[in-house]
DNA sequence: CATAATATGTTGCAATTGCAACAAAAAAAG
DNA sequence: CTTTTTTTGTTGCAATTGCAACATATTATG
C-alpha cells in the first residue's frame, strides 16, 4: 500500500531501538504494521514496568496519556518494526488532502480504540490481583485462552514477565517453583502447561 | 432530551442498586447521564476490587470485556443514577430507525473511547506501583492535579480507596499514618493536603 | 432520637514480597 | 568458535503487606 499523504510517516526500527517517547504534546497516534514492541516506564525508584506489549496492528501513542504522568514512557522495538505515525488532529478534523489513509483510519477508529480498551481492562485485572501467585495464574489462564490450549509458550522472557506483572523477578521465580512443586503447572524453558 | 428510538433504554437507579452485571453476551454499552457508580469485581478469594469509578458522562458496559474473566463484574450505583443502555451493534451498524441518538453517539464514539483509554492508562499506572506508599502518592498527585490544588477531598471512603488501589485496608491506613508522621501529607477526615 | 450499620483507626503476628548477591545456563556479538 | 552479555535459577534476610480482631466514630434508618 502506497502512502500518498504528506502528513503520515512510515518508519522502520531495529530491535531495541526507541520508536517514540511520550511527550504528550504532539497528539501522536501510531500503528504497528509489523513486529513487536513494548511500552515501558521507569519510575523514580528505577523500577521498570512493561505497561503494554504490542503486536501487529496494535495502536499506541501520546494521545492515550493526557495528564502528565511525570514518569518517562517510551516504546521500544522488541524485533524489527514498521510503524505508521499520525497526528490525531489530522484524523479527527479530516485531513485536508482528503487522503484514503486518514479517512479509512477514521472509519476504523472506534474498533481500534475498542480493542485497546479490552486489552487495558485485561491488564487491569492482572494488576489488581493481590498476590504474585494470583497474577501468574490469571496471566497463564489468559494466554491459555488465547492459544486455546493448556500448553503454551510465554511470549516474554521471564525477566520481562516480572516487569509486566509489576513484581520482583526473584520473588516471581520462587512462586513459579512453588506452583510447579504443588502440581499446578509444568514448566520447561518458557513453555508452560496448566495441570488444572 | 427526548428519546425516540425504541432500542435505547433509559433507567433510573437508587444508591446501592446494581445497574448492570457483565455477562459479555449482549454487547451492552451504557452511558451514565447522572450520578456516580462503581465497576466492582469480587475474585474467588472474596477480595473486592473497585475496577473503575464512573462520573457523569462516563461510559461502561460489557463491550469492553470480551475474553471471559471468570470473575463476576457488576456496576453499582453510589448515588441516584440515570443511565442510557445501548446495544453496540445498533451503533456500529447504524440503527435502522436512523434516530439522532444513535447517529450522534456514533459520531462521538472515538472521543468517548479515547477518554476511557486515558482513564484506564492512569489506572494502570497506579496499580503498577510496587508499594502501598507509591500507590497512595501517585493517586494523591492525580487528584491534586485534577483539582489543581495541593489540598483536596478524596472522592472515596477510605475503605473504597483501598479496594480501588487493590490493597488491604488496614495496611493502607498504617501507611497513611506513616505518611502523616513523616510530614509528607496532612489529613483530616477525607481531606488531604500534600506538603511537598 | 435511638439503634443499627458502616467506616475509621489501631495493633500483633504471620505470610508474602523485595532486595542483594551469587552461580549456572543460554543467547548474542564479534 | 570464543567471549561477552543477558537470562534463569536460587537463597538468606529484611521490609512490607495481609489478616484478624478489636474499639471508636460516623453515618443511615426506622
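Chains as they are written, first to last, in our numbering: chain A, 200 to 395; chain B, 200 to 395.
By construction, the Cβ of each residue, glycine as well, lies at the ideal position given by its N, Cα and C atoms.
All of these numbers come straight from a predicted model, not from anything done at the bench.
Neighbour flag for residue 265 of chain A against chain B, beta carbons, 8 Å: In the first chain, residue 265 of chain A corresponds to position 66, counting from 1. By this cut-off, residue 265 of chain A is an interface position.
Test: residue 250 of chain B CB closer than 8 Å to a CB of chain A: Mapped onto the second chain, residue 250 of chain B falls at position 51. Yes, its Cβ sits closer than 8 Å to a Cβ of chain A.
Start and end residues, alpha helix (DSSP H) containing residue 358 of chain B: On the second chain, position 159 is the one that residue 358 of chain B refers to. Run containing residue 358 of chain B: 357–364, per the alpha helix (DSSP H) assignment.
Cβ-based neighbour list, residue 208 of chain B, same chain, cut-off 8 Å, excluding 5 preceding and 5 following: Walking along the second chain from the start, residue 208 of chain B turns up at place 9. Excluding sequence neighbours, residue 208 of chain B sits near 283 and 284.
Expected contact under 8 Å - CB spacing of residue 206 of chain B and residue 274 of chain B to nearest Å: Here residue 206 of chain B corresponds to residue number 7 of the second chain, with the count starting at 1. Here residue 274 of chain B corresponds to residue number 75 of the second chain, with the count starting at 1. Not quite, the Cβ-Cβ distance comes to about 20 Å (not below 8 Å), so this is no contact.
Residue 339 of chain B to residue 394 of chain B span [Cα, whole Å]: Mapped onto the second chain, residue 339 of chain B falls at position 140. Mapped onto the second chain, residue 394 of chain B falls at position 195. Residue 339 of chain B and residue 394 of chain B: Cα-Cα distance of roughly 11 Å.
Proximity to residue 389 of chain B [Cα-Cα], best of B/375, B/380, B/330 and B/382: In the second chain, counting from the first residue as 1, residue 389 of chain B sits at position 190. Of B/375, B/380, B/330 and B/382, the residue nearest in Cα terms is B/375.
Limits of the unbroken alpha helix (DSSP H) element including residue 337 of chain A: As a working note, residue 337 of chain A is residue 138 in the first chain. Run containing residue 337 of chain A: 331–346, per the alpha helix (DSSP H) assignment.
Boundaries of the alpha helix (DSSP H) in which residue 288 of chain B is found, first to last residue: In the second chain, counting from the first residue as 1, residue 288 of chain B sits at position 89. Looking at the DSSP string, the run of the alpha helix (DSSP H) that includes residue 288 of chain B is 287–291.
Contacts around residue 369 of chain A, its chain only, beta-carbon distance under 8 Å, and the 5 residues preceding and following it disregarded: Working through the first chain from its first residue, we reach residue 369 of chain A at position 170. Within the same chain, residue 369 of chain A has no close Cβ partners at all.
Cβ of residue 205 of chain B within 8 Å of any chain A Cβ: Against the second chain, residue 205 of chain B aligns to sequence position 6. Residue 205 of chain B does not count as touching chain A.
Local Cβ density within 10 Å of residue 371 of chain A, reported as buried at 16 or more and exposed below that: Indexing the first chain from 1 puts residue 371 of chain A at position 172. Buried: at least 16 other Cβ atoms inside 10 Å.
Inter-stretch contact at 8 Å, needing at least 3 Cβ pairs: the segment 321–332 of chain B / the segment 324–331 of chain A: yes
Given 8 Å, three or more beta-carbon pairs between the segment 249–267 of chain A and the segment 222–235 of chain A: yes
Distance between residue 245 of chain A and residue 383 of chain B (C-alpha atoms, nearest Å): As a first step, residue 383 of chain B must be located in the second chain, where it is residue number 184. As a first step, residue 245 of chain A must be located in the first chain, where it is residue number 46. Residue 383 of chain B and residue 245 of chain A: Cα-Cα distance of roughly 21 Å.
Interface residues of chain B facing residue 346 of chain A [CB-CB closer than 8 Å]: Taking the first chain and counting its residues from 1, one reaches residue 346 of chain A at position 147. None at all; the shortest Cβ gap to chain B is about 12 Å.
Whole-angstrom C-beta distance between residue 301 of chain B and residue 289 of chain B, which should lie under 8 Å: Locating residue 289 of chain B in the second chain gives position 90, counting from the first residue. Locating residue 301 of chain B in the second chain gives position 102, counting from the first residue. About 6 Å; that satisfies the 8 Å criterion.
Contact with chain A by residue 323 of chain B, beta-carbon distance below 8 Å: One-based indexing of the second chain puts residue 323 of chain B at position 124. Answer yes: the Cβ-Cβ gap between residue 323 of chain B and chain A drops below 8 Å somewhere.
Assigned secondary structure, residue 273 of chain B (DSSP; H/G/I helix, E/B strand, else coil): Here residue 273 of chain B refers to the residue found at position 74 when the second chain is read from its first residue. Strand.
Segment contact flag, the segment 304–311 of chain A with the segment 247–255 of chain A, C-beta cutoff 8 Å, min 3 pairs: no
Closer than 8 Å to chain B by CB, residue 354 of chain A: In the first chain, the residue the question calls residue 354 of chain A occupies position 155. Not closer than 8 Å to any Cβ of chain B, the Cβ of residue 354 of chain A fails to qualify, so no.
Alpha-carbon spacing of residue 213 of chain B relative to residue 234 of chain B, whole angstroms: Reading the second chain from its first residue, position 14 is the one you call residue 213 of chain B. Reading the second chain from its first residue, position 35 is the one you call residue 234 of chain B. Roughly 10 Å between the two C-alpha positions.
CA-to-CA distance, residue 279 of chain B to residue 430 of chain A, given in whole angstroms: The structure shown does not extend to residue 430 of chain A, since chain A spans only 200 to 395, so no value can be given for it.
Per-residue burial, residue 320 of chain B [other beta carbons within 10 Å of its own, 16 or more giving buried]: Residue 320 of chain B sits at position 121 when you count from the first residue of the second chain. The residue in question, residue 320 of chain B, is buried, as its Cβ has 16 or more Cβ neighbours within 10 Å.
Where the alpha helix (DSSP H) containing residue 379 of chain A begins and where it ends: Sequence index remark: in the first chain, residue 379 of chain A carries index 180 (1-based). Counting along the chain, the alpha helix (DSSP H) containing residue 379 of chain A begins and ends at 368–380.
Assigned exposure category for residue 331 of chain A - 16 Cβ within 10 Å defines buried: One-based indexing of the first chain puts residue 331 of chain A at position 132. Looking at its Cβ environment, which holds 16 or more other Cβ atoms inside 10 Å, residue 331 of chain A is buried.
Where the segment 363–395 of chain B meets chain A: residues whose CB sits under 7 Å from a CB there: 365
Close-in-space but distant-in-sequence residues of the same chain around residue 379 of chain B (CB under 8 Å, 5 per side omitted): Mapped onto the second chain, residue 379 of chain B falls at position 180. 385 and 386.
Cutoff 6 Å; reference residue 311 of chain A; Cβ partners in own chain excluding five residues on either side: Residue 311 of chain A sits at position 112 when you count from the first residue of the first chain. Excluding positions up to five away in sequence, the list reads 258.
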